[in-house]
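**Q** Could you have a look at this structure, given as structure tokens, before my questions?
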Amino acid sequence: GQQVMQIPQYQHVQEGEDFTTYCNSSTTLSNIQWYKQRPGGHPVFLIQLVKSGEVKKQKRLTFQFGEAKKNSSLHITATQTTDVGTYFCARVFGNEKLTFGTGTRLTIIP
Amino acid sequence: GAVVSQHPSRVICKSGTSVKIECRSLDFQATTMFWYRQFPKKSLMLMATSNEGSKATYEQGVEKDKFLINHASLTLSTLTVTSAHPEDSSFYICSARDPFGQGGGYTFGSGTRLTVV
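Taken in order, these protein sequences are the chains called A and B. When the count follows this note's numbering, it moves up by one through the first sequence with no breaks and lands on 110 for the last residue. When the count follows this note's numbering, it moves up by one through the second sequence with no breaks and lands on 227 for the last residue.
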């Protein structure tokens, strides 16, 4: 399957600033999942979105699924140093294969 | 929550030797596990789907004879890198999904950093 593209590839923000990463697909997605991978670590599941236009929040994190189910975004409000890492969107295929987007690496300037 | 244990975390081996990596689901049964490979500052690339009691399904371009996968029980999958070469040096990670878990997410092992010298 086609890899889902994410932008930007890298993002450097001052601590306290907001951060957004976007996930785009040329085909309709049945669902989208988001993961965070800290430097040197492994991916950790954050959330799954299934419905068109769905919005979910986890404290300072807001996740959106586009109306056409071809894009998704993750927005972090008032970043903290603990937010450092690479954020991946991922899609689940029919036989439950999970394939990852290209990722956005977030660094925080204290 | 669901826990996936992966061992070893780091391994250094000589060219031409084989390395086995284990992936265990500790508190749930997994009929399917997944193996990924990740190069520095890159995304995770799915290598193969490990199926309990049957042959693994490999992604296009992945050599099945080089990356042997065995899923002999509902809680254990192994990946053996055979006749390793320096270009096989990478970060290998396994994952599985708890069928009764909430949220639908996959749980990942802590990964194995393989260095072939």
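Just so you know, even glycine gets a beta-carbon here, dropped at the ideal spot from N, CA and C.
In the DSSP assignment, what residue or residues form a beta bridge with A:H12?
**A** Its beta-bridge partners are A:T107.
**Q** State the start and end residues of the unbroken beta strand (DSSP E) segment that holds B:A158.
**A** Segment L154 to N161, the beta strand (DSSP E) holding B:A158.
**Q** Helix, strand or coil: how does DSSP classify A:P43 here?
**A** Reduced to three states, the DSSP call for A:P43 is strand.
**Q** Determine the extent of the beta strand (DSSP E) in which B:V114 is found, giving its start and end residues.
**A** It spans V114 to H117 - the beta strand (DSSP E) in which B:V114 sits, taken as one unbroken run.
**Q** Against chain B, which members of the stretch 51–66 of chain A pass a CB distance test of less than 8 Å?
**A** Residues passing the 8 Å Cβ filter: none.
**Q** Could one say the Cβ of B:R134 lies closer than 9 Å to chain D's Cβ atoms, at least one of them?
**A** The structure shown contains no chain D; its protein chains are A and B.
**Q** Taking 9 Å as the CB-CB cut-off, is A:H42 touching chain B?
**A** Taking Cβ atoms only, chain B reaches closer than 9 Å to A:H42, which makes this a yes.
**Q** From the DSSP output, in three-state form, read off B:T185 for me.
**A** The answer is coil: DSSP assigns B:T185 none of H, G, I, E or B.
**Q** Touch check for the stretch 185–193 of chain B and the stretch 87–106 of chain A: three-plus C-beta pairs under 8 Å?
**A** As far as the Cβ criterion goes, the stretch 185–193 of chain B does not touch the stretch 87–106 of chain A, which means the pair count is below three.
**Q** Looking only at its chain, what residues have a beta carbon closer than 6 Å to the beta carbon of B:D208, apart from the 5 residues adjacent to it on each side?
**A** Correct list, in chain order: A112 and F138.
**Q** Rounded to whole angstroms, what is the Cα-Cα separation between B:G219 and A:V13?
**A** Their backbone Cα atoms lie some 29 Å apart in a straight line.
**Q** Could you confirm whether any beta carbon from chain A is found closer than 9 Å to the beta carbon of B:I122?
**A** Not an interface residue.
**Q** Near B:I122, which residues of its chain fall below 7 Å by C-beta distance, leaving aside the five closest residues on each side in sequence?
**A** The answer, listed in chain order, is T225 and V227.
**Q** Out of A:L49, A:T28, A:P43 and A:L98, point me to the one whose CA is closest to A:S73's CA.
**A** The shortest Cα separation from A:S73 among A:L49, A:T28, A:P43 and A:L98 belongs to A:L49.
**Q** Take B:T141 as the anchor and find which of B:N161, B:N180 and B:S200 has the nearest alpha-carbon.
**A** Ranking B:N161, B:N180 and B:S200 by Cα distance to B:T141 puts B:N161 first.
**Q** Once DSSP output is grouped into helix, strand and coil, what is the label at B:T225?
**A** Looking at B:T225 - three-state DSSP - the assignment turns out to be strand.
**Q** Please state whether the Cβ-Cβ distance between A:L46 and A:Q64 is less than 9 Å.
**A** For A:L46 and A:Q64, no; Cβs fall outside 9 Å.
**Q** From A:Q3 to A:D83, what distance separates their C-alpha atoms?
**A** Roughly 25 Å between the two C-alpha positions.
**Q** If I'm right that A:E15 touches A:T86 with Cβ under 8 Å, what's the distance once you round it to whole angstroms?
**A** A:E15 to A:T86, Cβ: 18 Å. No contact.
**Q** Look up A:T81 in the DSSP assignment and say whether it is helix, strand or coil.
**A** In the structure shown, A:T81 sits in a helix (DSSP, three-state: H, G or I).
**Q** Using only CA atoms, which one of B:I203, B:S183, B:K124 and B:S128 lies nearest to B:F149?
**A** It is B:I203 whose Cα lies nearest to the Cα of B:F149.
**Q** To which residues of the same chain is B:W145 closer than 6 Å at the C-beta, ignoring the five residues directly before and after it?
**A** Excluding positions up to five away in sequence, the list reads M157, A158, L189 and C204.
**Q** Would you mind working out which of B:K124, B:A182 and B:G213 sits nearest B:M74, comparing C-alpha positions?
**A** Chain B is shown from 111 up to 227; residue 74 of chain B falls before or after that span and cannot be answered.
**Q** Measure the C-alpha to C-alpha separation of B:G211 and B:K124 and round it to an integer number of angstroms.
**A** If I take the Cα positions, the gap works out to 40 Å.
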